[in-house]
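Trainee: One structure is given below, represented as structure tokens, and several questions about it will come after.
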Amino acid sequence: MLKQIKAVLWGGGPLTNLFRSAVVLVTLLLAAIYCSTASFAKDPWWFKSDFADRPNRVVVYHDGQRTELQSGDAGFNELADAVTASLAGGVLRQSDAGLSDVSRQEAYARYVTVEAFFAQPVTLHAGFYTGHPTQMLFPITGRHSDFSIVFLGSDGEYWVNAPALKTTEPLRQAVKELGYVK
């Protein structure tokens with residue numbers, strides 16, 4: 014039976030040519046989709062949703078206060094692990110949101126916000142270009158907090174088109190457990 018199927022599909026004749034043509038067409042279509050997305054995202058691994066980089070510094074803004082945590086400080090490991098876990102969950106979509114100076118100041122002064130800083134530029138895999146940020150801002154409460162958005166940036170500036178993550182729940186839970194959110 015297997016020989017008969019193999020003979021029909023690969024042996025020659027009109028059905029074989031149709032099958033081979035369909036296989037080639039589907040393969041070329043999938044290759045074109047992959048290559049165009051990889052080119053646009055500038056990342057050949059755009060489809061992966063892993064993230065293993067750990068921040069070297071985390072700043073939590075809450076109740077008008079600024080709390081900076083580094084390795085060895087109480088709560089740093091929990092927040093750093095939660096940042097990594099939230100990013101490892103993957104990117105859901107592009108949000109087209111930007112962070113104006115007013116929104117940024119409100120995030121620092123009025124809302125609960127987590128800012129993570131990395132020693133080296135990192136890569137966040139997505140189907141669009143995310144750059145190579147060294148800092149990320151996660152709104153926990155207030156403006157943009159309902160959409161699991163993370164603002165990416167470097168050199169003290171944040172870029173537009175912030176990605177919406179699949180979840181920021183690990184970070185929200187860590188912030189709550191550490192008492193920054195009531």
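Mapped onto my numbering, the consecutive letters of the sequence shown carry residue numbers 14 to 195. All C-beta atoms, glycine included, are put in the ideal place defined by N, C-alpha and C. Note that the coordinates shown come from a computational prediction; the quantities given were computed from them, not determined experimentally.
(1) I'd like to know whether the C-beta atoms of Leu-92 and Ala-187 end up nearer to each other than 8 Å.
(2) Which residue comes first and which comes last in the alpha helix (DSSP H) that contains Arg-67?
(3) Can you tell me whether DSSP reads Tyr-201 as helix, strand or coil?
(4) For Val-96 and Tyr-47, I'd like the C-alpha separation in whole angstroms.
(5) In terms of alpha-carbon separation, which member of Leu-41, Ala-122, Glu-182 and Arg-123 lies closest to Leu-100?
(6) Which of helix, strand or coil does DSSP assign to Tyr-171?
(7) Would you kindly work out how many angstroms separate the C-alpha atoms of Asn-69 and Arg-185, rounded to a whole number?
(8) Where does the unbroken alpha helix (DSSP H) through Thr-80 begin, and where does it stop?
(9) Roughly how far, in whole angstroms, is the beta-carbon of Thr-143 from the beta-carbon of Leu-150, given that I think they are within contact range, below 8 Å?
(10) With a Cβ-Cβ cutoff of 8 Å, do Ala-122 and Gly-77 count as a contact?
(11) Determine the DSSP secondary structure at Arg-156, reduced to helix, strand or coil.
(12) Have a look at Gly-169, Gly-111, Leu-105 and Ala-110 and flag the residue whose alpha-carbon is nearest the alpha-carbon of Glu-128.
(13) I'd like to confirm the pairing. Which residues does DSSP put opposite Ile-162 in its beta bridges?
(14) Using three-state DSSP, classify Leu-137 as helix, strand or coil.
(15) Is Tyr-74 near Val-135, with beta carbons less than 8 Å apart?
(16) Which partner residues of Pro-75 appear in the DSSP bridge assignment?
Mentor: Reading off the structure:
(1) yes
(2) Taken as a continuous stretch (DSSP letters only), Arg-67 belongs to no alpha helix (DSSP H), as it is neither H nor E.
(3) Any question about residue 201 goes unanswered here, given that the chain covers just 14 to 195.
(4) 28 Å
(5) Glu-182
(6) strand
(7) 19 Å
(8) Thr-80 -> not in any alpha helix (DSSP H); beta strand (DSSP E) instead, spanning 78-83.
(9) Rounded, the Cβ-Cβ distance is 14 Å, inconsistent with contact.
(10) yes
(11) coil
(12) Gly-169
(13) Ala-177
(14) coil
(15) no
(16) The sequence shown places His at residue 75, not Pro. Beta-bridge pairing links His-75 to Gln-78.
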